[in-house]
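Enquirer: Top to bottom, those sequences are chains A and B.
So the first sequence is residues 4 to 290, counted in the numbering used here.
So the second sequence is residues 4 to 290, counted in the numbering used here.
Cβ coordinates follow ideal geometry from the N, Cα and C atoms, glycine included.
Number of protein chains: 2
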Amino acid sequence: MVEAALDTILAAMPQAGEIARPERLLAAMRHGVLNGGKRLRPFLVLESAALFGVKQDAALRVAAALECIHCYSLVHDDLPAMDDDDLRRGQPTVHKAFDEATAILAGDSLLTLAFDILASPETELPAQARLDLIQALSRAAGFGGMAGGQALDLAAARDLPDEAGIIRLQAMKTGALIRFACEAGAIAGKASSADRERMAEFGSAIGLAFQLADDLLDLTSDAQTMGKATGKDAQAGKATLASLHGPDWARRQLRGLVLQAEELLSPYGESANLLRAAARFVAERSH
Amino acid sequence: MVEAALDTILAAMPQAGEIARPERLLAAMRHGVLNGGKRLRPFLVLESAALFGVKQDAALRVAAALECIHCYSLVHDDLPAMDDDDLRRGQPTVHKAFDEATAILAGDSLLTLAFDILASPETELPAQARLDLIQALSRAAGFGGMAGGQALDLAAARDLPDEAGIIRLQAMKTGALIRFACEAGAIAGKASSADRERMAEFGSAIGLAFQLADDLLDLTSDAQTMGKATGKDAQAGKATLASLHGPDWARRQLRGLVLQAEELLSPYGESANLLRAAARFVAERSH
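(1) Name, please, each residue of chain A whose Cβ falls closer than 7 Å to the Cβ of B/LEU29.
(2) Chain B partners of A/THR115, CB-CB under 8 Å?
(3) Report back the beta-carbon spacing between B/VAL57 and B/GLY192 to the nearest angstrom; my notes put them in contact at under 8 Å.
(4) Near A/ALA275, which residues of its chain fall below 7 Å by C-beta distance, leaving aside the five closest residues on each side in sequence?
(5) Answer yes or no: do B/ALA208 and B/THR105 have a C-beta to C-beta separation smaller than 8 Å?
(6) Apart from the five residues just before and just after B/MET175, which ones in its own chain have a Cβ nearer than 7 Å to its Cβ?
(7) Where does B/ALA14 land, buried or exposed, given buried means 16+ other C-beta within 10 angstroms?
(8) Closest to B/ALA187 by C-alpha separation, out of B/GLU273, B/GLU6, B/LEU69, would be which residue?
(9) Along the chain, which unbroken stretches of the alpha helix (DSSP H) at least 4 residues long are found entirely within the stretch 15-99 of chain B?
(10) Between the beta-carbon of B/ALA281 and the beta-carbon of B/PHE118, is there less than 8 Å?
(11) Taking Cβ positions only, does A/LEU90 come closer than 8 Å to chain B?
(12) Can you confirm whether A/MET202, when its beta carbon is compared against all beta carbons of chain B, has any partner nearer than 8 Å?
(13) With distances taken Cα to Cα, identify the nearest neighbour of B/PHE146 among A/SER289, A/LEU29, A/MET16, A/LYS99.
(14) Since B/PRO250 is in the alpha helix (DSSP H), which residue starts that stretch and which ends it?
(15) Check whether the Cβ atoms of A/ALA216 and A/LEU163 lie closer than 8 Å to each other.
(16) Report the CB separation of A/LEU114 from A/ILE72 in whole angstroms; it is logged as a contact under 8 Å.
(17) Give the interface partners of A/PHE118 over in chain B, defined as CB-CB distance under 7 Å, in chain order.
(18) Kindly list, in the order they appear in chain A, the residues whose Cβ is closer than 8 Å to that of B/ILE190.
(19) Does A/GLU125 come out as helix, strand or coil in the three-state DSSP assignment?
(20) Which residues in chain D have a C-beta closer than 8 Å to the C-beta of A/ARG24? List them in chain order.
(21) Please list, in chain order, all residues of the same chain as A/GLN18 whose beta carbon is under 6 Å from its beta carbon, the five residues on each side excluded.
(22) Kindly indicate if chain A contains any beta-carbon less than 8 Å away from that of B/LEU108.
(23) Taking Cβ positions only, does B/ALA130 come closer than 8 Å to chain A?
(24) For B/ARG133, go through chain A and note every residue whose CB falls closer than 7 Å to its CB, in chain order.
(25) Residues in its own chain within less than 7 Å of B/ALA23 by CB, not counting five upstream and five downstream?
(26) Residues of the stretch 6-22 of chain B with a CB closer than 7 Å to any CB of chain A: list them in chain order, please.
(27) Taking 7 Å as the cut-off, does the CB of A/ALA203 come closer than this to any heavy atom belonging to the ligand GTP?
(28) Using the beta-carbon count (16 or more within 10 Å), is A/GLN59 buried or exposed?
(29) Does the separation of the CB atoms of A/ILE107 and B/ALA84 fall below 8 Å?
(30) Below 8 Å CB to CB, which residues in the same chain sit around A/THR36 once its five sequence neighbours on both sides are set aside?
(31) Taking Cβ positions, are B/ARG33 and B/PHE101 nearer each other than 8 Å?
(32) Would the beta-carbon of A/THR126 fall within 8 Å of that of A/ALA52?
(33) Tell me whether B/THR223 is buried or exposed, calling it buried when 16 or more other Cβ atoms sit within 10 Å of its Cβ.
(34) Report yes if the CB atom of B/LEU121 is closer than 8 Å to the CB atom of B/LEU140, and no otherwise.
(35) Could you pull out every residue in the same chain whose Cβ sits closer than 7 Å to the Cβ of B/THR96, ignoring the five residues on either side in sequence?
(36) Determine, using beta carbons only, whether B/ASP217 comes closer than 8 Å to chain A.
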């Protein structure tokens with residue numbers, strides 16, 4: 004469903020207020036988005052939205068907006084001036100399949116499109132809920148969140164951060180968007196601030212688990228399983244919590260985070276079973 | 004006032020929902036924004052907002068959001084993979100003063116911040132007006148507008164467009180944002196759709212004039228006067244309307260566009276005098 008929503012949004016036909024959608028740029032955006040991603044963040048949006056009575060069509064558009072942000076960040080992070088990756092999910096990265104300028108503009112365009120999707124009347128949510136989603140997403144994605152985390156990550160290769168620095172970096176770089184994914188359903192459903200905070204905390208717990216699992220895989224897996232280069236953290240001289248404390252500590256931490264995440268979902272009973280399964284998937288994934 | 008609003012928004016203190024504002028990234032964003040720009044687009048927002056009874060504080064935030072988008076586009080357009088410019092307004096471009104990765108992230112962060120500003124309750128406009136502004140701005144800035152225009156511009160160096168192609172490219176690359184600047188006041192002031200359309204057409208006229216004046220300056224001026232490299236269009240093999248038809252034709256066209264722009268403002272009487280002056284400034288500017 005997320006795939007279909009993204010495919011529709013990234014159609015060739017310009018919308019009101021647009022002049023034209025240049026073919027090559029659109030193809031690059033589609034390459035960056037419709038590439039077989041896990042769709043973890045959209046899944047979290049849909050499942051958290053279901054807990055708070057949000058209609059699925061509206062939740063799908065919120066999920067699609069968030070995935071546009073996630074995919075833009077991958078397109079830009081893969082650029083030669085950033086992480087310099089040629090491979091993403093087993094496919095050439097956007098700047099390899101197209102060119103650097105097109106990859107920069109495709110990322111910019113996906114980022115911009117996310118806010119178009121949320122502001123649009125087609126996202127059938129109350130005006131205030133749409134504004135709250137836009138503000139929460141922009142803060143999760145911007146210099147105080149994901150983009151700032153990427154800047155800290157690049158700096159970390161030159162100037163090794165301490166453990167608190169690594170935790171902050173990861174909370175920004177990967178944590179903020181996953182936290183938003185889980186909070187989004189509560190915002191869209193105009194849930195109480197207590198529910199909103201609880202879902203955000205759930206998001207933070209699985210965000211931490213996600214990153215820890217990623218670092219653990221970088222430490223212990225191989226490129227074929229991952230569909231991207233591994234061992235890059237060590238090569239780049241980057242410290243992670245998994246490399247600092249070792250794989251056994253990381254596996255124990257992961258089990259603790261899953262328990263904490265499941266505990267946070269206790270008020271929602273069986274409706275939250277898929278979110279509980281997601282917490283386990285995130286911690287235990289092998290790619 | 005715009006400068007002060009941008010300075011406040013780009014303060015070091017993280018806002019609610021942000022984790023931290025990394026120092027170097029923030030410095031790069033400030034370098035890209037607080038650099039003595041003409042502030043043409045903010046000026047157009049403020050003056051068009053005044054025509055429709057929008058409070059100045061709200062109009063200033065809309066103006067600041069738009070300037071963040073404009074400045075992000077300059078930061079990214081200057082990158083080595085795009086126009087490869089070392090100089091902007093007589094200063095080193097962001098990737099020269101910092102580094103490429105930081106420039107990419109600073110641009111991304113300014114783009115993201117623009118939507119935070121518009122969605123925020125601090126922008127004291129009705130919820131629907133804020134949503135309409137966000138959607139209009141995202142469509143003006145995205146792949147169907149400015150970013151798409153930049154993609155067409157890069158392609159134009161390889162594959163020379165015809166006159167219709169040049170007009171479309173320019174309407175997207177520079178026209179869309181100037182059109183939005185003039186329409187924004189009508190959206191913020193919940194003006195009639197006739198007023199909104201009239202102001203958008205005024206914006207299109209001066210957007211055309213702005214680009215034509217720019218191309219004319221590139222054809223006839225020097226780097227010292229402009230504070231940036233000139234003659235780049237010809238060097239890059241890019242055709243412009245000014246280079247196709249010559250400087251005399253361009254000057255005649257500019258006079259026609261100014262008359263058309265002034266005519267569009269006739270319903271607003273003397274309140275629109277500064278906008279009329281802006282139309283003349285845009286057409287007659289020497290840098």
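Expert: Quick answer:
(1) What B/LEU29 touches in chain A: PHE146.
(2) Within 8 Å Cβ-Cβ: LEU114, SER141, ALA144, GLY145, PHE146, ALA150.
(3) Contact between B/VAL57 and B/GLY192 holds: CB atoms are separated by about 5 Å, below the 8 Å threshold.
(4) Once the five neighbours on either side are set aside, the close Cβ partners of A/ALA275 are LEU54, LEU268.
(5) A distance of 8 Å or more separates the beta carbons of B/ALA208 and B/THR105.
(6) Excluding residues within five positions, the ones whose Cβ falls inside 7 Å are GLY148, MET149, GLY151, GLY152, LEU155.
(7) By the Cβ neighbour-count rule, B/ALA14 is exposed, with fewer than 16 other Cβ atoms within 10 Å of its own.
(8) It is B/LEU69.
(9) Taking only runs of at least 4 residues, the alpha helix (DSSP H) segments lying wholly in the stretch 15-99 of chain B are 26-36, 43-54, 59-80.
(10) Going by C-beta atoms, B/ALA281 is not nearer than 8 Å to B/PHE118.
(11) Taking 8 Å as the CB threshold, A/LEU90 stays off the interface with chain B.
(12) No, no contact with chain B.
(13) Per the Cα distances, A/LEU29.
(14) Here the alpha helix (DSSP H) through B/PRO250 covers 250-267.
(15) Not in contact: A/ALA216 and A/LEU163 (Cβ atoms no closer than 8 Å).
(16) Contact flag correct, Cβ pair sits at about 6 Å.
(17) The contacting residues are PHE118, ILE137, SER141.
(18) Contact note: B/ILE190 does not reach chain A at a C-beta cutoff of 8 Å; the least C-beta distance is about 11 Å.
(19) For A/GLU125, the three-state secondary structure derived from DSSP is coil.
(20) Within the model displayed, chain D is absent; protein chains A and B are what it includes.
(21) Excluding sequence neighbours, A/GLN18 sits near nothing in its chain.
(22) Taking Cβ atoms only, chain A reaches closer than 8 Å to B/LEU108, which makes this a yes.
(23) Taking Cβ atoms only, chain A reaches closer than 8 Å to B/ALA130, which makes this a yes.
(24) At a beta-carbon threshold of 7 Å, the residues of chain A lying near B/ARG133 are LEU134, ordered along the chain.
(25) Closer than 7 Å at the Cβ level, and outside the excluded window around B/ALA23, lie PRO17.
(26) The residues in question are PRO17, GLN18, GLY20, GLU21, ILE22.
(27) Ligands in the displayed structure: none, and consequently the ligand GTP is not present.
(28) A/GLN59 is exposed by the Cβ-count criterion.
(29) Judged by their CB atoms, A/ILE107 and B/ALA84 are nearer to each other than the 8 Å cut-off.
(30) A small fix is needed here, since residue 36 of chain A is Val in this sequence, not Thr. Setting aside the 5 residues that flank it on each side, A/VAL36 is surrounded in the same chain by LEU9, LEU13, GLU70, CYS71, CYS74, LEU113, each with a C-beta closer than 8 Å to its C-beta; the list follows chain order.
(31) The Cβ atoms of B/ARG33 and B/PHE101 do not sit closer than 8 Å to each other.
(32) Contact: no.
(33) It is exposed - the Cβ of B/THR223 has fewer than 16 other Cβ atoms within 10 Å.
(34) Closer than 8 Å, so yes.
(35) Cβ contact annotation for B/THR96 (same chain, cutoff 7 Å, sequence separation greater than five): ASP81, ASP88, ASP89, LEU90, in chain order.
(36) No, no contact with chain A.
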